[in-house]
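Chains U and V, in that order, give the protein sequences. In terms of the working numbering, the first sequence opens at residue 1 and continues consecutively. In terms of the working numbering, the second sequence opens at residue 1001 and continues consecutively. Cβ coordinates follow ideal geometry from the N, Cα and C atoms, glycine included. No experiment lies behind these values; they were computed from the predicted model shown.
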Amino acid sequence: MLVFTLFVIVPLGINIAYSTTGGTDLFLPARSYVGGDNFGRLLSCADHLTPATCRDDLFWVAVWNTVRFVLLQVVVLVIVAMATALILNSKIRARGFWRAVFFFPVLLSPVVVGLIWKWIFQRQGLLNYVLFQFGADPVNWLNDRAWAFFASVGVSVWAHVGFYALILLAGLQAIPRDIYEAAELDRTSPARVFRRITLPLLWPNLLVVIVLALIRAVQVFDEVYVLTGGGPGTSTMYLTQYIYETGFASVLRNPGVASAASLLMGGVLVVLTLVQLGLTRWRDRK
Amino acid sequence: MLKGIDLEINEGEFAVFVGPSGCGKSTLLRQISGLDRPSSGRIEIDGRDVTTVGAADRGPAMVFQSYALYPHMTVRDNLAFGLQNNKMPKAEIASRIAEAARMLEIGHLMDRRPAQLSGGQRQRVAIGRAIVRDPTAFLLDEPLSNLDAELRVSMRAELAALHARLKATMIYVTHDQVEAMTLADRIVVLRGGQIEQVATPMELFNRPANRFVAGFIGAPRMNFLSIDEAAALLPASALPAAAEMVGIRPQNLRPAESGMALTVDLAEALGTETVIHGHLASGTKMIVTRAGQLPAHPGELLHFTAEPGKLHVFDAEGVRIDF
């Protein structure tokens, strides 16, 4: 409880305090009280869909980048994790080895993940070298807005898919084998087995995976920051990076706005976490 | 691992595979069902070689030990699922389900899920799922082993009634010899992947082919004595020359003034019968059961003789010798 107070409650209180103050000073007592101004600055927009019409256009760029990222990354992640789990659950050769291989990236530090893929994607990187060997023109992966976005999605899927595949694999293994044998005797086609048996029985695990992936995707930062630095321009700048740069890294650092933005993001995460908790309880009751 | 299995099951027969765990009885059943494939040999159903035919195309329906009901589907959907896969018309599906529900008295459970059913009800649904398929045979893998003792007895009677009514071929796997004896037309006794004996229940009981079958069928199990120990029941000169071991069922020993002397270790009075556990002077343990209430106390010395013609004689390999 002491640790929780020291490392969660106190910082949260300080964060809330910062979000109501203005100026560039880092020392809290030296900062002036501005009330809800920071939230007002972040939220006031003529048209929320067009960041250029917002008072803090960069915040809304980051918001919409994050929304796009979350939508694509979670969908791809869940599909890939599902496929991986199904393959790892089938009777393949060296199954234990492949299970370890797919889980391995989860053990890597996000910074290492970012560096590995930067080395692959950079202009003189491995991917372009391979393309060149096949006679193709090199592509400027990380300096192209679209490619950089897809690269950030792809790398983050690669880094996390093992974890979610593991949850789904555990769910698949919990389905009794004789149910599949009964289905075989019932002349069920493989597609129908998946749709009518595997998917419904895996659904509770799948829901948890989706919500967990959503939460993690909203928080995306380190591996993408190392990979693209948010660029080119602001095309892969996501919310956490915006908060970090606004609070600490930019020339005109603004801890008040950064704190306000982190509280807004925290609110979204609290909602998602409550949904996840609710789903877990619902699953345990079943 | 099955070895040298050569077995024919007749149409309409209730065949029971029985044996200790690991004897291969479930493996044999799964190979008949098509869920497992034999590494060599042939399986024929209705004269058709089905060795390489898939499970769904073989004809028999299976009832699993765990029931293997689809947990997320209602009873109705559980029954209908396989029929829908076969693109059967809806009206036909409905009528088959109604017929099975009537037969098994599960009509009121149709909209429940397996988790909302008792063990006995799940068992009925599992059997219903087999019945609606109108299979060429029923394969039942220890279907009663998850039920409590009382329910097991009543389901056993229902299964016998069901067999009489459907007149379908049934192959039933169990490790419980009482189930085997009460249900079977013929019993297949297996051990270590091999068939020990195939016979009617009474033939197995009265003329076991070898020492293993003799010890496995019948409760309490048969007493086995060396030729010397058995001399008090029957002189060695009256036995065939190759005899090595003599067996006598606990029920076939009767009290006498003289004969085999048994020191009582424990007497279990069950009311209708008394089960006496004791030992011979040589230390060999013996069990005697007598109808009615027989006074016997630990440490007491009792004498028994064998009922005529009830001794079983086995040679050095444990094979029965008729004499």
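Boundaries of the beta strand (DSSP E) around A1306(V): 1301-1306.
Here the C-alpha atom of P1208(V) lies approximately 19 Å from the C-alpha atom of M1286(V). DSSP, read as helix, strand or coil, puts G22(U) in strand.
Classified as exposed, T1200(V) has fewer than 16 neighbouring CB atoms from the shown chains inside 10 Å of its CB. With respect to the 9 Å criterion, V218(U) and V70(U) are classified as neighbours on the basis of their beta carbons.
The residue from P1308(V), N1210(V), A1180(V), A1126(V) with its alpha-carbon nearest to that of D178(U) is A1126(V). Counting the other Cβ atoms within 10 Å of the Cβ of K1003(V) gives fewer than 16, which makes it exposed.
Of the other Cβ atoms in all chains shown, 16 or more fall within 10 Å of the Cβ of Q1197(V); this residue is therefore buried. What L201(U) touches in chain V, judged by beta-carbon distance under 9 Å, is Y1070, P1071, H1072, going in chain order.
Taking a beta-carbon distance threshold of 9 Å, M1170(V) does not count as an interface residue toward chain U.
Chain order gives the chain V residues near E181(U) as R1030, S1033, L1035, A1055, M1062, F1064, A1068, where near means a beta carbon separation below 9 Å.
Just measuring C-alpha positions, the residue of L1147(V), I1321(V), A1214(V) sitting nearest R1191(V) is A1214(V).
For chain U, the residues of the stretch 1079-1092 of chain V that bring a beta carbon within less than 7 Å of one of its beta carbons are F1081, G1082, N1085, N1086, in chain order. Pairing L1262(V) with F1224(V) gives a Cβ-Cβ distance that is not under 9 Å. Under the 9 Å criterion on CB atoms, E184(U) is classed as interfacial with respect to chain V. Excluding sequence positions up to five before and after R1030(V), its CB lies within less than 6 Å of the CB of D1036, all in the same chain and listed in chain order. Annotated as proximal: V224(U) and T236(U), with beta-carbon spacing under 9 Å.
Per DSSP, the unbroken alpha helix (DSSP H) holding M1202(V) starts and ends at 1201-1206.
Below the 7 Å Cβ cutoff, chain V contributes no neighbours of P190(U), its closest Cβ being approximately 12 Å away. Excluding five sequence positions before and after G114(U), the CB atoms of its chain that fall closer than 6 Å to its own CB belong to E223, V226, L227, given in chain order. The alpha helix (DSSP H) runs of length 4 or more contained entirely in the stretch 1114-1171 of chain V are, from start to end of the chain, 1119-1131, 1149-1166. Going by DSSP, L169(U) is part of the alpha helix (DSSP H) stretching over 145-173. With a threshold of 16 other beta carbon atoms within 10 Å, F97(U) falls short and is exposed.
Contact holds between the stretch 207-218 of chain U and the stretch 262-277 of chain U, because three or more Cβ pairs, one in each stretch, are under 8 Å apart. Minimum Cα-Cα distance from S1145(V) among the listed residues S1095(V), T1136(V), L1162(V), R1122(V) corresponds to R1122(V).
Along the length of the stretch 53-140 of chain U, whole alpha helix (DSSP H) runs at least 4 residues long occupy 57-89, 95-107, 110-121, 126-133, reported in chain order. Under the 9 Å criterion on CB atoms, P138(U) is classed as non-interfacial with respect to chain V. Neighbours of R187(U) across chain V, judged by C-beta separation under 7 Å: A1056, G1082, N1085, N1086. Between R1124(V) and L1147(V), the beta carbon gap of about 11 Å keeps them out of contact (Cβ cut-off 8 Å). L1117(V) and F1017(V) have their C-alpha atoms roughly 29 Å apart.
Contact between T1136(V) and T1182(V) is absent: CB atoms are separated by about 24 Å, not below the 8 Å threshold. Residue ranges of uninterrupted alpha helix (DSSP H) with 4 or more members, entirely inside the stretch 170-246 of chain U and ordered along the chain, are 177-185, 190-193, 199-218, 222-228, 239-244.
Segment contact: the stretch 138-155 of chain U against the stretch 172-187 of chain U, fewer than three CB-CB distances shorter than 8 Å; contact not assigned. For Q1293(V), the secondary structure class from DSSP, reduced to helix, strand or coil, is coil. The DSSP-derived three-state label of T50(U) is coil. At a cut-off of 9 Å, the C-beta of R1129(V) has a neighbouring C-beta in chain U.
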